[in-house]
Amino acid sequence: MDALIAGIALLLIMTLPVYWLAGIGTETAEDLQKFSLRQKGVFIADSLVKNRSDLPLLGSAKKYPGLKRVRSNDLDLELLAGTSIDYAEQFSVKSVRVEFASGKTLGFLEQHENAPIACIENERLVIVNGEKALVRVKVCE
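Heads up: the sequence shown begins at 12 in our numbering, then just goes up one per residue.
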């Protein structure tokens with residue numbers, strides 16, 4: 012009888028660490044998925060304010076012909092306004108908003124989802140026509 016109780020106790024002690032490790036593995040997978048989503052959002056927001064491209068979502072920085080380059084963190088709203096929703100969906104971008112210090116807000120690519128999905132919003136400080144603004148890029152799975 013003592014051997015049976017000792018055997019059950021030993022099995023219980025051996026299985027508890029396995030369950031604990033399985034829980035850590037699940038949490039790590041979820042954290043990795045969140046990190047991947049945040050990384051995608053940071054890369055898109057960074058590209059948006061530091062580059063200029065024919066695809067406005069990948070670069071809407073203002074171009075200065077005299078300098079023969081773009082000026083980072085200085086947005087061209089006319090270019091950004093030309094962003095298409097179809098292209099944004101390839102990158103899972105649900106919205107791009109520009110919030111000025113004066114309180115005025117401009118929204119681009121405003122897409123509303125009916126089903127709850129995981130989303131992360133990234134912020135970048137920019138200048139638009141000489142005025143400070145905050146760009147918020149919302150990326151979803």
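Note that the Cβ used here is the ideal one computed from N, Cα and C, for glycine as well.
query = Can you tell which of 105, 106, 119, 76 has the C-alpha that lies nearest to the C-alpha of residue 88?
reply = Working through the sequence shown from its first residue, we reach residue 88 at position 77. Nearest of 105, 106, 119, 76 to residue 88, Cα basis: 119.
request  = Could you work out which residue in 128, 93, 64, 92 is closest to residue 83 when comparing CA atoms only?
outcome  = Your numbering for residue 83 matches position 72 in the sequence shown. Among 128, 93, 64, 92, the Cα nearest to that of residue 83 is on 64.
request  = Would you mind stating whether residue 131 and residue 48 have Cβ atoms separated by less than 8 Å?
outcome  = In the sequence shown, counting from the first residue as 1, residue 131 sits at position 120. In the sequence shown, counting from the first residue as 1, residue 48 sits at position 37. Yes. Within cutoff.
key: Where residue 94 falls, given that 16 or more other Cβ within 10 Å makes a residue buried   = Along the sequence shown, one-based indexing puts residue 94 at 83. It counts as buried.
query = If we call anything under 8 Å between Cβ atoms a contact, is residue 60 one with residue 86?
reply = Working through the sequence shown from its first residue, we reach residue 60 at position 49. Working through the sequence shown from its first residue, we reach residue 86 at position 75. Yes, they are a contact pair.
request  = May I have the straight-line CA-CA distance separating residue 171 from residue 12, to the nearest angstrom?
outcome  = Shown here, the chain extends from 12 to 152; a query on residue 171 therefore has no answer.
ask   = Taking all protein chains shown into account, do 16 or more other C-beta atoms lie within 10 angstroms of the C-beta of residue 105, making it buried, or fewer, making it exposed?
value = Locating residue 105 in the sequence shown gives position 94, counting from the first residue. Buried.
ask   = On the three-state DSSP scale, how would you describe residue 20?
value = Position 9 of the sequence shown, counting from 1, holds the residue named residue 20. Secondary structure of residue 20 (DSSP, three-state): helix.
ask   = Does the Cβ-Cβ distance between residue 45 and residue 150 come in under 8 Å?
value = Reading the sequence shown from its first residue, position 34 is the one you call residue 45. Reading the sequence shown from its first residue, position 139 is the one you call residue 150. No, the Cβ-Cβ distance between residue 45 and residue 150 is not below 8 Å.
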